[in-house]
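Trainee: Numbering (the numbering used here), first residue to last: 1022 to 1360. Each residue gets a CB set at the ideal place from its N, CA and C atoms; glycine is no exception. Attaching a single structure in structure tokens format; questions to follow.
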Amino acid sequence: MIQNEVLSRRRFLRQSFAFSALAGLGSLTSFAASKHSGSPAGSSRLLMLGDWGYENFEAQSRVASAMQAYVRQQNFATQALLMLGDNWYGPLPGGVKDVRWQSQFEQMYPKTVFDCPAYAIPGNHDYQRMPQSKVAAELEYAKAGGTRWTMPSLWYSFQFPLKNPQVTIIALDSNMPNPDGKQAAGVNFTLTPAQQAEQLTWLEAELNKPRTTPFLVVMGHHPIFSNGPHGDNKILVRDWEPLLRKHNVHLYLAGHDHDMQHLEFEGHPTSFVLSGGGGADLYPLLIDEAQRGPYAQRVYGFSDLEVTPELLTLRHLDEKGQLLHAFTKQPDGTVHFIS
Ligand SMILES: [Fe+2]
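Shown next, in the form of structure tokens:
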């Protein structure tokens, strides 16, 4: 593993110089190998995690405890949580009143530590009827008020932080219907083809709006590219990836594979971040970070996004709050690899 890490980082540094050369030829993306440390003054922070609402919540508890300890130790106010989907595995028999809302959300990520909105998007496990639609319960729970759970619709956008925003975040529903147009029957279901088309039209309109923040981020439960067992998503590669490229989206955030990743592609303006270690059983990686990276690890954890007008800093942390991987990104797309 250590050797793999060394190899992959060497490979990344080699790639870095190639990307820097490309930047001189007009690419918006450039990379440099350099060290950054410390928290910029006046920065805003949010934490994110995916695939967290597992029925056996031992690992979820460990990750949640690490998040709390991390915030206390670093003494910052978390200004948002991003819940990256697969919010509820297994039955949610009480729907909006189910006890799991208290034990696995409200108390697991307590308001005393995270006094901020928790922006949620649906994963494939939320698109189950157990017995009623769990995603319908999630929308209803947000609508009822008196909670930090924020899910105004299946897809929506918001700005971060609330005061003096620096990032526009477009939250999407990545539960695509079967390409044959037939909606899945039984417990599991998806967006309808009409919803899929409506969301895509809305996404293009959102991306075409004049930019009012230095940074643009898109999040969806399913990764577009992943080194994990779910692999690259053909529909998202077809429908969303060209839009991210065209509009110079800085980050695409996802979960779904139960691991932590950061993938960069030559000449692509978007950094692909996967934070799927929130609590569900971990998956093996199918592509090593040495082949496609710079970072992919089968590990529980969460991620920290720190924002200033000049810089995004993304950190992956493990279930003990230890730093796994980090990078920064400037408004012009320049990526600096930290660790
Ligand atoms: Fe998933």
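Roughly how many whole angstroms lie between the Cα atoms of THR1189 and ASP1136?
Mentor: Distance between the alpha carbons of THR1189 and ASP1136: 20 Å.
Trainee: Of all the options LEU1160, ALA1090, TYR1091, ASN1145, which has the alpha carbon lying nearest to the alpha carbon of TRP1122?
Mentor: Of the listed residues, the one whose Cα sits closest to TRP1122 is LEU1160.
Trainee: Taking the alpha carbon of GLY1354 as the reference point, which residue from ARG1093, VAL1238, LYS1184, GLU1219 has its own alpha carbon closest?
Mentor: Nearest C-alpha to GLY1354: VAL1238.
Trainee: What are the partner residues of PHE1173, as DSSP defines its beta bridges?
Mentor: Strictly speaking, residue 1173 in this sequence is Pro, with Phe absent from that position. DSSP output for PRO1173 lists no bridge partner at all.
Trainee: So, is GLU1340 buried or exposed, given that buried needs 16 or more other C-beta atoms within 10 angstroms?
Mentor: GLU1340 comes out buried.
Trainee: For THR1222 and PRO1198, which I take to be in contact (beta-carbon distance under 8 Å), what is that distance rounded to the nearest angstrom?
Mentor: Actually they do not touch by this definition, with Cβ atoms about 16 Å apart.
Trainee: Since PHE1236 and PRO1352 are thought to touch, with beta carbons under 8 Å apart, how far apart are those beta carbons, to the nearest angstrom?
Mentor: Confirmed, about 6 Å.
Trainee: Helix, strand or coil for ASN1199, going by three-state DSSP, please let me know.
Mentor: ASN1199 falls in the coil class under three-state DSSP.
Trainee: If you measure from each residue's Cβ to the nearest non-hydrogen atom of ligand 1, which ones come out under 5 Å, in chain order?
Mentor: The filter returns ASP1107, GLY1144, ASN1145, HIS1277, in chain order.
Trainee: Leaving out five residues before and five after PHE1293 in sequence, what residues of the same chain have Cβ atoms less than 6 Å from its Cβ?
Mentor: Result list for PHE1293: PHE1246, TYR1273, LEU1284, in chain order.
Trainee: Taking GLN1089 as the reference, which of GLU1262, VAL1270, GLY1300, LEU1068 has the closest Cα?
Mentor: Of the listed residues, the one whose Cα sits closest to GLN1089 is LEU1068.
Trainee: Just the C-alpha distance for SER1048 and THR1329, rounded to the nearest angstrom, thanks.
Mentor: For SER1048, the predicted structure reports a pLDDT of 30, less than 50, and the residue's modelled location is therefore unreliable. A value from the coordinates is still provided. Rounded to whole angstroms, SER1048 to THR1329 spans 24 Å at the Cα level.
Trainee: Quick one: measure Cβ to Cβ for LEU1338 and SER1324, integer angstroms, because I've assumed they're closer than 8 Å.
Mentor: About 7 Å; that satisfies the 8 Å criterion.
Trainee: Would the beta-carbon of LEU1102 fall within 7 Å of that of GLY1299?
Mentor: Going by C-beta atoms, LEU1102 is not nearer than 7 Å to GLY1299.
Trainee: Whole angstroms are fine: how far does the CA of VAL1258 sit from the CA of GLN1318?
Mentor: Those two C-alpha atoms are separated by around 22 Å.
Trainee: From the DSSP output, which residues share a beta bridge with TRP1097?
Mentor: Here residue 1097 turns out to be Phe, not Trp, going by the sequence shown. DSSP lists no partner for PHE1097.
Trainee: Determine, using beta carbons only, whether HIS1242 and GLY1074 come nearer to each other than 7 Å.
Mentor: No. Outside cutoff.
Trainee: Pick from GLY1116, ARG1232, ALA1301, ALA1347: whose alpha carbon is nearest that of GLY1314?
Mentor: It is ALA1347 whose Cα lies nearest to the Cα of GLY1314.
Trainee: Using the C-alpha atoms, what's the distance from VAL1208 back to LEU1113?
Mentor: Cα to Cα, LEU1113 sits roughly 13 Å from VAL1208.
Trainee: DSSP on ASP1353, reduced to helix/strand/coil?
Mentor: Residue state, collapsed to three classes: coil.
Trainee: Report the CB separation of TYR1321 from ARG1083 in whole angstroms; it is logged as a contact under 8 Å.
Mentor: Going by Cβ atoms, the distance from TYR1321 to ARG1083 rounds to 7 Å, so yes, they are a contact pair.
Trainee: Using the beta-carbon count (16 or more within 10 Å), is SER1124 buried or exposed?
Mentor: When all chains shown are included, SER1124 counts as exposed.
Trainee: Could you check the C-alpha separation between TRP1170 and GLY1342 for me, to the nearest Å?
Mentor: Each residue's Cα considered, the two are about 24 Å apart.
Trainee: Which first and last residues belong to the alpha helix (DSSP H) in which GLN1216 is found?
Mentor: That run of the alpha helix (DSSP H) goes 1214-1229.
Trainee: Along the chain, where does the alpha helix (DSSP H) that runs through TYR964 open and close?
Mentor: The shown model of the chain, from 1022 to 1360, leaves out residue 964, and the question about it has no answer.
Trainee: On the three-state DSSP scale, how would you describe ALA1301?
Mentor: Reduced to three states, the DSSP call for ALA1301 is coil.
Trainee: Distance, Cα to Cα, LEU1295 vs LYS1118?
Mentor: If I take the Cα positions, the gap works out to 30 Å.
Trainee: From the DSSP output, in three-state form, read off SER1296 for me.
Mentor: It is a strand residue.
Trainee: Is the beta carbon of GLU1227 less than 7 Å from the beta carbon of SER1174?
Mentor: Against a cut-off of 7 Å, the Cβ pair of SER1174 and GLU1227 comes out as no contact.
Trainee: By DSSP, does MET1104 sit in helix, in strand, or in coil?
Mentor: DSSP places MET1104 in strand when its eight states are reduced to three.
Trainee: Exposed or buried, which one is ASP1194 when buried takes at least 16 other CB atoms within 10 Å?
Mentor: It is buried - the Cβ of ASP1194 has at least 16 other Cβ atoms within 10 Å.
Trainee: DSSP state of TYR1140, grouped into three classes?
Mentor: Here TYR1140 sits in strand by DSSP.
Trainee: How would you label SER1058, buried or exposed, when you count the other beta carbons within 10 angstroms and need 16 or more for buried?
Mentor: Any reading at SER1058 must be qualified, since the residue scores a pLDDT of 38, below 50, and its modelled position is unreliable; the value itself is stated next. So SER1058 counts as exposed.
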